[in-house]
Structures are given as C-alpha cells and as structure tokens.
Amino acid sequence: MPNQPCFTKPNAELWQALQWHPSSDQLEQMITLQVLLRQWNTKVNLSRLVEGDDYWITQVFDSLWPLKCELESPQQPRHCIDVGTGGGFPGLAVAIALPGAQITLVDSVGRKTAAVTAMVATLGLTSRVMVRTERAELTGQDPSCRGMFDLAMARAVSTAPVIAEYLVPLLKPDGEALLFRGQWNTNDKQDLAKALKLLKADLIKVERRELPSNRGIRHQLRLRATLPCPATYPRRVGVPTKNPLGS
Ligand code: SAM
C-alpha cells in the first residue's frame with residue numbers, strides 16, 4: 000500500500016485533495032465545531048469521529064467532497080436540508096462551507112437536536128440554520144418543507160430506497176437529492192430504480208471516490224424529480240423502513 004498523507008490537523012494537503020480552501024473564518028468555524036462535538040459528546044452520544052483524521056477526513060472531507068459544484072458558488076442563495084443529521088453531519092459542514100445557503104437539519108432524536116441547536120448558536124449560524132426534531136416521514140408531508148429545497152441530503156441514515164422516499168418529496172421541481180453512500184453496486188442500483196419509478200424521479204449521477212489516507216470508498220448519488228412526487232410519499236412513520244419502496 001503506498002504511503003498516504005495523514006491529516007491529523009487541517010492542512011493545505013487536505014484542502015488540496017478537496018479542491019476547496021476555507022477562508023480563515025470558515026476554518027475557525029470547523030475547528031470550533033470539532034471542539035463543540037468533543038464537549039457535547041460527553042453528554043450525548045453524537046459521534047465517535049471527533050479526533051484527527053476521524054474528524055477532518057471522515058466528517059469534514061466526507062461531507063464536502065460531493066458538493067464540488069455547489070462549492071464553486073458558495074454565496075448563491077440555496078435552500079438545503081440534511082435529513083437524519085445526528086451530530087450535525089453533513090449539514091453543519093455544508094452550512095459553514097456555503098455561506099449563502101439556508102440549511103434545515105432534521106433528526107428524530109431530541110437529545111441530538113438539542114445539542115446541534117446549541118452548536119449552531121455557538122457557531123453563529125442561527126440566522127440561516129434551522130433545526131427540526133421530527134421524523135423525516137413527517138417533514139416530507141409538512142407544507143412548509145414539501146417541495147421547498149434545492150438540495151436535500153442524507154448520510155448514513157438508511158438504504159437508498161428509504162432515503163429516496165424521505166428526500167424526493169422535499170425537492171423543488173429543479174432540486175436535487177444527494178445520497179451519501181459507501182459501497183454501491185448493481186443490485187443497489189436496481190433496488191433504487193424500482194423506488195424512483197414510484198417516486199417519479201431519476202438517478203442522474205453516480206460518482207465514486209476514495210477518501211484520503213485509506214479511509215474507504217465513497218459514492219455520491221444525485222436524484223432529480225421527473226414529475227411532482229405522488230402525495231402518498233413519504234408514507235406513514237416507520238412504513239418506508241418496514242416496507243421499502245419497490246421491494
Ligand atoms: N447523518 C449523520 C452522520 O452521517 O454522521 C448521522 C447518522 S446516524 C447513523 C443516523 C441518524 O438518522 C440518527 O441520528 C437517527 O436518529 C436519524 N434518523 C434515522 N431515521 C430517521 C427518520 N426517519 N427521521 C429522522 N431522523 C432519522
């Protein structure tokens with residue numbers, strides 16, 4: 000195995016690999032976020048990925064690499080939503096990197112959203128980051144969220160058909176859903192295709208990349224609506240995971 004650089008601290012090589020360079024304020028916010036995660040982790044189990052490479056690569060880099068296109072116009076006004084945000088990833092990294100964006104963070108676990116709400120306040124992001132303690136199935140049926148987002152994303156929340164059912168109903172007609180995946184294969188693609196047929200959406204992009212320092216393979220999937228999503232989706236709380244679309 001060739002030697003790979005080790006990003007125990009944020010350094011130029013990390014940003015070079017990402018092809019994005021934070022301003023000094025953004026870097027400060029990323030460092031503050033790490034400190035806050037450490038602090039909140041002692042009270043709520045938010046994430047074990049808080050130190051060194053675990054934080055800078057598996058959290059920050061992994062959250063931002065799929066947004067190459069959006070990072071080229073960071074001031075553009077966008078409405079984004081991160082469903083199943085847990086300790087705030089990818090949503091908080093995206094909020095820091097895209098100063099023009101309004102970001103909604105959703106998670107059903109109140110202890111996590113309370114911690115994330117406090118972190119948002121300390122980071123000075125309250126004016127453009129909203130936190131909702133809610134099941135994604137309800138977010139997608141709420142008129143204040145349904146059809147309202149340019150970019151709807153989820154990382155490590157469920158299988159692709161389940162996530163598609165959470166995210167597609169949230170999209171504006173020209174919005175995109177971003178699914179963060181680890182491995183991705185032909186069977187996964189077939190299962191997702193069946194779900195997308197019912198949701199009236201298409202898979203428009205699959206991109207694979209290896210994280211630095213042998214941190215594993217990642218894929219990003221982008222979805223777009225082809226027609227308005229049928230009103231029946233997302234189905235009632237628990238149904239998408241119990242009976243995934245197309246299975
Ligand atoms: N996205 C974060 C990350 O990548 O670090 C957290 C991933 S964690 C494994 C999954 C999170 O999704 C949990 O915090 C869980 O509460 C949340 N979640 C799972 N299903 C959900 C649903 N239907 N509605 C809202 N949140 C959900």
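According to numbering that gives the first Met the number 0, the sequence shown is numbered sequentially starting from 0.
Quick reminder that beta carbons are idealized off the backbone N, C-alpha and C, glycines included.
The structure displayed is predicted, hence computed values, not measured ones.
Distance cut-off 8 Å: residue i Cβ against heavy atoms of the ligand SAM
i: Gly215; result: no
i: Ala155; result: yes
i: Pro89; result: yes
i: Tyr232; result: no
i: Gln140; result: no
i: Gln219; result: no
i: Val49; result: no
i: Glu175; result: no
i: Glu133; result: yes
i: Phe148; result: no
i: Val238; result: no
i: Val167; result: no
i: Thr121; result: no
i: Ser72; result: no
i: Asp201; result: no
i: Asp187; result: no
i: Glu259; result: Because the chain here runs from 0 to 246, residue 259 falls outside it and cannot be looked at.
i: Val82; result: yes
i: Asp53; result: no
i: Phe179; result: yes
Residue i - containing alpha helix (DSSP H), residue span
i: Ala155; result: Here Ala155 belongs to no alpha helix (DSSP H), and DSSP marks it neither H nor E.
i: Cys68; result: Lys67 to Leu70
i: Leu197; result: Thr185 to Leu198
i: Ala11; result: Ala11 to Leu17
i: Val238; result: Val238 to Lys241
i: Gly51; result: Gly51 to Tyr54
Host beta strand (DSSP E) of residue i (start-end)
i: Val34; result: Counting along the chain, Val34 falls outside any beta strand (DSSP E), though it belongs to the alpha helix (DSSP H) covering Ser23 to Asn40.
i: Lys171; result: Leu170 to Arg180
i: Gln219; result: Ile216 to Ala224
Option in the options with minimal Cα separation from residue i
i: Thr158; options: Gln140, Val167, Leu177 and Asp187; result: Asp187
i: Cys79; options: Arg214, Ala151, Pro227 and Leu210; result: Ala151
i: Gln18; options: Leu66, Ala194, Val238 and Gly123; result: Leu66
i: Pro229; options: Gly90, Ala114, Glu164 and Ser143; result: Glu164
i: Ala155; options: Gln182, Val236 and Gly237; result: Gln182
i: Ala135; options: Pro233, Pro142, Leu26 and His20; result: Pro233
i: Leu45; options: Ala117, Pro211 and Lys111; result: Lys111
i: Lys196; options: Asn10, Pro160, Leu177 and Asn184; result: Pro160
i: Ser143; options: Leu124, Pro76 and Lys171; result: Lys171
i: Glu206; options: Pro227, Arg180, Ala192 and Gln189; result: Arg180
i: Leu191; options: Arg217, Glu175 and Ile162; result: Ile162
i: Met118; options: Gln15, Ser22 and Gln33; result: Gln33
i: Met29; options: Glu12, Ala16, Gln15 and Val49; result: Val49
i: Thr138; options: Arg235, Asn10, Glu27 and Gln75; result: Arg235
i: Leu169; options: Phe148, Thr185, Leu178 and Leu177; result: Phe148
i: Leu35; options: Glu133, Leu122 and Gln219; result: Leu122
i: Trp64; options: Val167, His20, Ala100 and Pro239; result: His20
i: Ser62; options: Leu124, Thr240, Val167 and Leu210; result: Leu210
i: Asp24; options: Val167, Ile102 and Leu124; result: Leu124
Problem - Residue ranges of each beta strand (DSSP E) within the segment 83 to 166, 3 or longer - result: 100 to 106, 128 to 132 and 148 to 154
Handout entry: Stretch pair the segment 126 to 137 + the segment 50 to 62: three plus CB contacts closer than 8 Å
Key = The answer is no - the segment 50 to 62 does not touch the segment 126 to 137, with fewer than three Cβ pairs under 8 Å.
Practice task
Determine contact between the segment 230 to 246 and the segment 81 to 98, defined as no fewer than three beta-carbon pairs at a distance below 8 Å.
Solution key: Put simply, the segment 230 to 246 does not touch the segment 81 to 98. Fewer than three CB pairs are less than 8 Å apart.
Handout entry: Cβ contact (3+ pairs, closer than 8 Å) linking the segment 100 to 108 and the segment 81 to 89
Key = Yes, they touch.
Practice task
Specify whether the segment 65 to 72 and the segment 39 to 51 touch according to this definition: at least 3 beta carbon pairs, one from each stretch, less than 8 Å apart.
Solution key: Short answer: they don't touch.
Problem - Validate contact between the segment 221 to 235 and the segment 196 to 208 using beta carbons, cut 8 Å, 3 pairs - result: yes
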